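As structure tokens, the structure follows; a few thoughts come after it.
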Amino acid sequence: MARVWPASAARPLSGWPRLTKTSINDLLERHDLTPSRALGQNFLADPAMIDKIVRLAGVGPGDRVVEIGPGLGSLTLGLADAGADVLAVEIDRYLIPALTEIVERSQPDAGESVRILHGDAMKIDWAAELGDTSWKVVANLPYNVATPLVLELLSTEHRLTSYLVMVQAEVGERLAAGPGSKKRGIPSVITEYWGEAAVVGRVPPQVFVPQPRVDSVLVRINRCETPRVDAPFAELSTLVRAGFGQRRKMLRRSLSGLMDEAAIEAADVAPTARAETLDLEAWGRLTRQYCAGNDNTEG
Ligand code: SAM
259 MARVWPASAA RPLSGWPRLT KTSINDLLER HDLTPSRALG QNFLADPAMI
309 DKIVRLAGVG PGDRVVEIGP GLGSLTLGLA DAGADVLAVE IDRYLIPALT
359 EIVERSQPDA GESVRILHGD AMKIDWAAEL GDTSWKVVAN LPYNVATPLV
409 LELLSTEHRL TSYLVMVQAE VGERLAAGPG SKKRGIPSVI TEYWGEAAVV
459 GRVPPQVFVP QPRVDSVLVR INRCETPRVD APFAELSTLV RAGFGQRRKM
509 LRRSLSGLMD EAAIEAADVA PTARAETLDL EAWGRLTRQY CAGNDNTEG
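Every position in the sequence shown, counted from 1, becomes a number in our numbering once 258 is added.
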């Protein structure tokens, strides 16, 4: 049976169509939906950009992909078209009927390669959803939860082995910032602890409906099998949060409640340095020294 599809939707040569500005506006109108600013709803409406994201994510046939916040399905269709099995987690129950309609109408065969899950990505029982296999994360993330969500997933989910996320430019640059950069902060060090991050593309506001006020970037993170420095995460996180909590201060001040100047020196770090200048190795040395100090105190 021929598939009915709005004439406004762009049709690639392969099986799944792409959403465009016209088809997104049509969907919003027919389902009486208004994009929610609180949920960061800026829908991708540019087939070329969607294909670029799928390509940069390295998604191919048989891959399992978690998409956080599928919205109306712009990226979902592109991922499915590349041959991936997609688990699409959407918090907004009002969008689900439109998303379901798009997926069902677009599916080129009887297979079910897209599973829609209604829920909050911050609260999903990922272990139950992902099983024993590894998954890729590909998402145009809502601005309000992008950083906490990425850090939480990196820190807790080893089954999520790579990420290609679209986020506000400022957020993405912070996730990938190296030592010495003014943009280096808590997200940079935590991300570096778990994997390798890089900004791999810029995205102008014009590709979205509605248009956001700021540019976005694409960030790729490959999660390593083991942390990239030999130091326990909880303690490293405590030090990093304290260090960047007062980022203008020297470490001897910002870490004063946790380590004294002698302990910072024993870790081969200058007590006069500021948090943003430290590389991951230095945070690792500080953490090991901090743990050794606590062990001695307790003993
Ligand atoms: N992926 C779609 C696209 O590219 O057009 C929509 C992206 S839009 C920037 C973000 C989506 O995330 C929205 O659909 C929003 O409802 C959803 N969202 C917001 N917070 C969420 C959360 N905590 N868990 C799951 N989805 C969420």
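All residues carry an ideal CB built from backbone N, CA and C; glycine is no exception. Just so it is clear, the structure is predicted and the values come from calculations on it, not from any experiment.
A distance criterion of 8 Å places the beta-carbon of T292 beyond contact range of the ligand SAM, judged by its closest non-hydrogen atom. A520 has its alpha-carbon roughly 44 Å from the corresponding atom of S392.
Under a 10 Å Cβ-count criterion, S446 is classified as buried, with 16 or more other Cβ atoms of the shown protein chains found around its own Cβ.
With a cutoff of 9 Å on beta-carbon distance, G327 and I308 are scored as not near each other.
If you keep only unbroken beta strand (DSSP E) runs of at least 3 residues inside the region 371–404, you get 372–376 and 393–398.
Look at M307 here: in three-state DSSP terms it is helix.
Between L291 and Y352, the beta carbon gap of about 6 Å places them in contact (Cβ cut-off 8 Å).
Within the DSSP bridge table, the entry for Q426 names S474 as partners. Within a 10 Å sphere around the beta-carbon of R478 sit 16 or more other beta-carbons, which makes this residue buried. Per DSSP, reduced to three states, the secondary structure at D284 is helical. If you look at E523, you'll find it in the alpha helix (DSSP H) that goes E519 to A524. Around the CB of M424, 16 or more other CB atoms lie within 10 Å, so the residue is classed as buried. CA-to-CA, the gap between E534 and L357 works out to about 42 Å.
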